[in-house]
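Enquirer: Pasting a structure here, questions to come.
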């Protein structure tokens with residue numbers, strides 16, 4: 203379990219980083235905390251010939267509230283985001299998911315951008331990004347900056363819309379709105395493990411009816427998965443146990459989750475229904491409209 | 003001389019002597035040992051479960067940077083003497099013959115194919131990737147049922163089948179009569195799943211062969227240096243006296259690190275061949291895949307019972323999946339057979355056993371290797387109760403042997419001094435069961451499922467003398483110049499805290515401060531031969547420490563009587579000084595006693611002035627350890643996750659030397675038992691790929707999953723006039739799976755679930771209840 207040979211670069215500016223990626227592109231990997239990449243290197247499952255460490259790059263660790271959104275620099279550690287007052291006040295869904303990521307020692311090192319760019323479909327942050335309809339800001343030397351919506355960012359197992367010469371610079375997450383309740387529910391074998399299934403829910407209730415709902419699942423496909431059919435089923439409904447149960451059933455319908463040591467496909471399908479229902483109930487309770 | 007020892011230390015939670023070193027990161031584990039000029043080894047391991055090795059091309063690897071040598075199977079065979087390794091060497095299991103590195107075939111994923119030695123482990127791993135191996139795949143034998151199929155491919159051709167041992171059938175008592183008398187027969191097939199020892203420190207060794215002297219020094223993570231030296235000398239063809247085996251701190255083992263294993267012999271051969279010290283530290287991936295697995299057994303059981311709930315007799319048939327290479331798997335059935343009646347009044351037993359080889363990691367000893375008997379028996383008691391519509395506690399009360407019965411098991415083992423019944427009563431005195439049942443009923447009405455389970459066990463730690471010799475524990479003790487008592491023990495502590503416990507016993511029996519005792523171990527050049535294992539050290543080494551300290555004390559008093567010109571009967575040793583009754587001014591420190599002996603003429607010629615004692619302790623009367631565990635669980639029937647609300651252990655390990663250490667042993671074992679049921683599984687797919695080779699897939703319990711564990715010690719029942727310490731290493735692990743599974747079955751009782759397997763991950767719970775379909 204020793205890392206294979208690679209060239210290591212530790213640039214201090216984004217420009218240098220982009221130049222390195224332009225030069226090495228496909229052959230390179232960005233190190234953004236290393237909580238997933240280093241174990242993959244140790245098992246020699248990842249074999250980049252160039253490692254570009256973002257740990258010393260200035261200007262990637264900003265975290266600030268803007269007009270209706272919060273911007274989080276890619277190299278903000280998970281622990282810092284977890285403890286941030288801005289996140290606590292404006293991004294309650296992210297705040298709720300944060301403590302479920304690994305353990306504190308892992309969150310001290312792991313970064314928000316690293317987790318998003320790694321795109322593990324079982325991870326919490328990609329599901330939160332999808333549920334919140336976040337935007338990812340990427341930059342390359344040749345094409346400059348572009349914004350990628352979460353929905354099209356995640357393309358498959360550990361695969362994103364990022365090009366080999368691009369760096370994920372920051373995330374823009376819409377701030378919480380009034381009359382909106384959120385909840386993140388997951389089932390893991392142990393505290394801190396990747397979720398077998400996770401469910402992120404955003405629920406807006408107006409005049410005792412569900413005005414909008416967004417549901418995203420982790421651990422059931424090769425990407426985090428929005429469940430538009432379940433969301434549609436909720437819109438316009440009153441907050442009732444039946445409405446939530448029906449939506450949960452719809453959210454779990456037609457899923458083809460993976461089967462592994464930790465849970466069969468049937469089990470994950472079942473969990474999806476249970477966790478969506480639990481998350482909806484809790485989101486509603488936060489709005490004071492218990493079903 | 004009738005002198006009652008002041009028990010200043012024995013029985014108290016003296017802080018561990020090991021802790022300042024270990025807790026500040028200053029322990030010396032095998033990877034901390036370095037030699038000048040040391041080089042590093044990495045193994046090429048098989049990616050296939052079963053295959054012929056057609057060719058091995060090492061040319062590219064040999065040309066890689068920093069590589070000193072690459073050895074293939076045939077090249078390695080030329081450097082060693084064939085024979086058994088590790089546990090198989092201890093039990094002298096040979097045949098089935100096999101090579102060190104694969105010569106003809108590989109028998110499991112992770113099997114050893116080639117050895118690379120390079121300047122660093124990084125370079126060795128880089129070069130290992132360049133070794134080109136051509137395999138001719140064979141069908142893998144992945145289950146005991148496949149192994150028993152005469153059509154299955156042979157794993158060892160010279161065995162003639164894939165049956166390693168058995169079938170062997172033994173009958174105790176009048177089985178036919180007992181089954182004819184039964185009102186009914188309760189039948190079940192109960193299995194334990196494959197899981198494994200996961201010590202914090204993996205295996206590893208550093209070997210330095212000296213060309214000048216022909217001597218070899220090995221430092222390794224092990225449970226006893228003597229066996230390391232013996233196996234290494236046999237496999238290298240070097241005289242035993244030229245092998246020095248050593249160890250300092252060892253980070254756990256649980257039965258795994260016995261003798262010199264294949265990897266350790268391989269690097270020793272390489273060290274001799276290269277004339278360089280060679281280090282190999284097993285990485286976690288190698289460890290989980292190939293260090294050894296434990297516990298894969300299936301037992302078909304039948305219990306002859308009366309409608310009143312008496313268990314009259316048992317028929318047990320066990321099949322052990324022993325994995326690929328000879329280990330404990332062919333022998334463990336003998337212990338299971340002897341122990342299966344446990345503390346119960348069972349009058350007849352028929353026991354049949356078979357062990358088979360499969361293309362999986364070798365079956366090794368793991369904390370309570372025979373624990374299948376406790377799991378199956380304690381599950382069976384609950385199943386009998388359910389079938390009869392009775393309370394499992396009532397069945398236990400009816401059938402447990404009482405101490406005053408003075409029975410022996412139908413398999414012949416004396417049950418003298420057992421306290422199983424008392425431990426059950428103590429548990430029930432501490433749990434308000436009617437209140438729990440009421441709470442359980444209320445919860446069920448709210449869709450919450452609580453369960454209560456108990457399990458009872460006894461453990462031969464070391465067992466009673468009536469069952470045969472307990473062994474011989476050697477110990478040497480001497481007084482150093484400064485008055486320190488030097489204790490040379492045969493134990494090889496790897497978490498047992500012998501530096502503390504033995505020092506407590508010696509301090510009290512010698513009359514010196516705790517700090518005035520030094521426990522020395524882990525060097526085959528000076529340590530008496532022995533092994534730490536089988537929960538024997540409390541009695542054997544504790545007894546050796548007590549008796550040897552008294553012998554040394556007597557020698558010191560003989561000498562001191564002359565030096566102090568006092569009657570020996572007026573002398574005693576207290577706090578490191580010899581005191582004369584009624585004359586406090588005439589005290590001498592032990593250092594002064596030693597110093598006086600160096601002065602010629604101070605003593606008559608006929609007085610023995612060697613303040614050294616060599617002693618062998620035979621275990622005295624011995625005795626059982628045992629107890630009852632109780633678990634209260636809540637099963638979430640939406641997620642299948644199990645939460646342990648309360649865990650209570652009532653146990654008896656005789657006279658407790660250090661309650662904090664005993665509690666730690668119990669809690670560690672309970673955690674492993676909870677892990678076995680809820681988290682840990684060594685899983686293969688049908689082709690023999692190993693699925694649990696990282697900590698993402700082999701799930702160990704963490705502090706988040708383990709509840710606070712309450713431990714209660716029963717009053718010791720003295721069996722021996724002098725030594726009543728008994729072992730406590732394995733009991734926690736032995737009893738826990740049954741207690742947890744019994745509690746889960748109780749929680750799921752409204753659904754009529756019968757738990758016939760030990761591993762209950764959340765998906766399996768929901769399958770048992772019928773919430774989801776099995777895959």
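Chains as they are written, first to last, in the numbering used here: chain A, 203 to 493; chain B, 3 to 777. The beta-carbon is built from N, C-alpha and C at its ideal position, and this holds for glycine as well. Being a predicted model, the structure only gives us computed values, none of them experimental.
(1) Is residue 671(B) near residue 734(B), with beta carbons less than 7 Å apart?
(2) Report yes if the C-beta distance between residue 223(B) and residue 32(B) is below 7 Å; otherwise report no.
(3) In angstroms with no decimal places, state the Cα-to-Cα distance between residue 477(A) and residue 647(B).
(4) Rounded to the nearest angstrom, what separates residue 85(B) and residue 547(B) at their Cα positions?
(5) Identify whether residue 454(A) lies in helix, strand or coil by the three-state DSSP scheme.
(6) Can you tell me whether DSSP reads residue 4(B) as helix, strand or coil?
(7) Could you name the residues of the same chain whose beta carbon sits closer than 7 Å to that of residue 358(A), not counting the 5 residues immediately before and after it, in chain order?
(8) Measuring straight from C-alpha to C-alpha, what distance separates residue 542(B) and residue 475(B)?
(9) Which same chain residues end up closer than 6 Å to residue 140(B) when comparing Cβ atoms and leaving out the 5 residues on each side of it in sequence?
(10) With residue 229(B) and residue 533(B) assumed to form a contact (beta carbons below 8 Å), what rounded beta-carbon distance in angstroms separates them?
(11) Whose CA, out of 19(B), 87(B), 453(B), 432(B), lies closest to the CA of residue 441(B)?
(12) Looking at C-alpha atoms only, which residue of 379(B), 771(B), 582(B), 259(B) is the closest neighbour of residue 497(B)?
(13) With a threshold of 8 Å, are at least 3 pairs of Cβ atoms found where one atom belongs to the stretch 634-650 of chain B and the other to the stretch 707-719 of chain B?
(14) Who are residue 226(A)'s beta bridge partners in DSSP?
(15) Determine whether the Cβ of residue 5(B) lies closer than 7 Å to any Cβ atom of chain A.
(16) Run through chain A and tell me which residues come within less than 8 Å of residue 706(B), C-beta to C-beta.
(17) Along the chain, where does the beta strand (DSSP E) containing residue 632(B) start, and where does it finish?
(18) With distance defined between alpha-carbon atoms, name the residue in 262(B), 493(B), 446(B), 116(B) nearest to residue 87(B).
(19) Report the option in 324(B), 253(B), 281(B), 385(B) whose CA atom is closest to the CA atom of residue 146(B).
(20) 7 Å is my cut-off, CB to CB: does residue 295(A) come that close to chain B?
(21) Report all residues from its chain with a CB closer than 6 Å to the CB of residue 418(A); omit the five preceding and five following residues, and keep chain order.
(22) Buried or exposed: where does residue 727(B) fall if 16 or more other Cβ atoms within 10 Å of its Cβ makes it buried?
(23) Where does residue 325(B) fall in DSSP's three states?
(24) Quick one, which residues of the stretch 693-721 of chain B are near chain A if we go by CB-CB under 8 Å, in chain order?
(25) Taking 7 Å as the CB-CB limit, is residue 466(A) close to chain B?
(26) Please list the residues of the stretch 268-301 of chain B that have a C-beta atom closer than 7 Å to any C-beta atom in chain A, keeping them in chain order.
(27) Using only the alpha-carbon positions, how far apart do residue 117(B) and residue 464(B) sit?
(28) Should the stretch 234-248 of chain B be called in touch with the stretch 311-320 of chain B, which here means at least 3 C-beta pairs below 8 Å?
(29) Report the three-state DSSP secondary structure of residue 410(B) (helix, strand or coil).
(30) Enumerated in chain order, which unbroken segments of the alpha helix (DSSP H) with a length of 4 residues or greater are wholly contained in the stretch 81-163 of chain B?
(31) Please check if any C-beta of chain A sits within less than 7 Å of the C-beta of residue 204(B).
(32) For residue 779(B), is the classification buried or exposed, using 16 other Cβ atoms within 10 angstroms of its Cβ as the cut-off for buried?
(33) Whole angstroms is fine: what's the gap from residue 497(A)'s alpha carbon to residue 220(A)'s?
(34) Classify residue 705(B): buried if its beta carbon has 16 or more other beta carbons within 10 angstroms, exposed otherwise.
(35) Looking at the C-beta of residue 469(A), does it have a partner C-beta in chain B at a distance below 7 Å?
(36) In chain order, which alpha helix (DSSP H) runs of at least 4 residues are fully inside the stretch 251-328 of chain B?
Expert: Based on what the coordinates show:
(1) Along the second chain, one-based indexing puts residue 671(B) at 669. Along the second chain, one-based indexing puts residue 734(B) at 732. In this structure, residue 734(B) lies closer than 7 Å to residue 671(B) by Cβ.
(2) In the second chain, residue 223(B) corresponds to position 221, counting from 1. In the second chain, residue 32(B) corresponds to position 30, counting from 1. Yes, the pair counts as a contact, with Cβ atoms nearer than the cut-off.
(3) Within the first chain, the letter at position 275 stands for residue 477(A). Within the second chain, the letter at position 645 stands for residue 647(B). Distance between the alpha carbons of residue 477(A) and residue 647(B): 23 Å.
(4) Taking the first residue of the second chain as 1, we reach residue 85(B) at position 83. Taking the first residue of the second chain as 1, we reach residue 547(B) at position 545. Residue 85(B) and residue 547(B): Cα-Cα distance of roughly 36 Å.
(5) For this step, residue 454(A) is matched to residue 252 along the first chain. In the structure shown, residue 454(A) sits in a helix (DSSP, three-state: H, G or I).
(6) By one-based count along the second chain, residue 4(B) stands at place 2. In this prediction, residue 4(B) scores a pLDDT of 36, lower than 50, which makes its location untrustworthy; the coordinate-derived value is nonetheless stated afterwards. Residue 4(B): coil per DSSP, three-state reduction.
(7) Stepping through the first chain from its first residue, residue 358(A) is reached at position 156. Contacts found: 424, 425.
(8) Locating residue 542(B) in the second chain gives position 540, counting from the first residue. Locating residue 475(B) in the second chain gives position 473, counting from the first residue. Going from the Cα of residue 542(B) to the Cα of residue 475(B) covers about 6 Å.
(9) The residue you call residue 140(B) lines up with position 138 of the second chain. Answer for residue 140(B): 52, 53, 155, listed in chain order.
(10) Reading the second chain from its first residue, position 227 is the one you call residue 229(B). Reading the second chain from its first residue, position 531 is the one you call residue 533(B). The Cβ separation is near 6 Å, so the contact holds.
(11) Taking the first residue of the second chain as position 1, residue 441(B) is located at position 439. Checking every option, the nearest Cα to that of residue 441(B) belongs to 453(B).
(12) Within the second chain, residue 497(B) is the residue found at index 495, counting from 1. Checked all of 379(B), 771(B), 582(B), 259(B); the closest Cα to residue 497(B) is 259(B).
(13) yes
(14) By one-based count along the first chain, residue 226(A) stands at place 24. Partner(s): none; residue 226(A) has no beta bridge.
(15) One-based indexing of the second chain puts residue 5(B) at position 3. Note that residue 5(B) has pLDDT 44, beneath the 50 cutoff, so the model's placement of it is unreliable and no number is given.
(16) Locating residue 706(B) in the second chain gives position 704, where the first residue counts as 1. 392, 393, 394, listed in chain order.
(17) Here the question's residue 632(B) lines up with position 630 in the second chain. Here the beta strand (DSSP E) through residue 632(B) covers 624-637.
(18) Within the second chain, residue 87(B) is the residue found at index 85, counting from 1. The candidate whose alpha carbon is nearest that of residue 87(B) is 262(B).
(19) Counted from its first residue, the second chain places residue 146(B) at position 144. Nearest C-alpha to residue 146(B): 324(B).
(20) Position 93 of the first chain, counted from the start, is the residue given in the question as residue 295(A). Not an interface residue.
(21) Taking the first residue of the first chain as 1, we reach residue 418(A) at position 216. Taken in chain order, the residues that qualify are 329, 332, 333, 402, 426, 428.
(22) Against the second chain, residue 727(B) aligns to sequence position 725. The residue in question, residue 727(B), is buried, as its Cβ has 16 or more Cβ neighbours within 10 Å.
(23) Numbered from its first residue, the second chain carries residue 325(B) at position 323. DSSP places residue 325(B) in coil when its eight states are reduced to three.
(24) 693, 694, 696, 698, 699, 701, 703, 704, 706, 707
(25) Residue mapping note: residue 466(A) aligns to position 264 of the first chain, counting from 1. At least one chain B Cβ lies under 7 Å of residue 466(A).
(26) 285, 286, 287
(27) Residue numbering aside, residue 117(B) sits at position 115 when the second chain is read from its first letter. Residue numbering aside, residue 464(B) sits at position 462 when the second chain is read from its first letter. So the two alpha carbons sit approximately 40 Å from each other.
(28) no
(29) Translated into positions along the second chain, residue 410(B) becomes position 408. Note: residue 410(B) maps to strand in three-state DSSP.
(30) 88-92, 123-130, 146-150
(31) The sequence position of residue 204(B) within the second chain is 202, counting from 1. Answer no: the Cβ-Cβ gap between residue 204(B) and chain A never drops below 7 Å.
(32) In this structure chain B extends from 3 to 777, so residue 779(B) is not present and cannot be described.
(33) Residue 497(A) falls outside the range modelled here, since chain A spans only 203 to 493, and no answer is possible.
(34) Here residue 705(B) refers to the residue found at position 703 of the second chain. By the neighbour-count rule (16 or more Cβ atoms within 10 Å), residue 705(B) is not buried but exposed.
(35) Locating residue 469(A) in the first chain gives position 267, counting from the first residue. Judged by the 7 Å Cβ criterion, residue 469(A) is in contact with chain B.
(36) 264-276, 286-292
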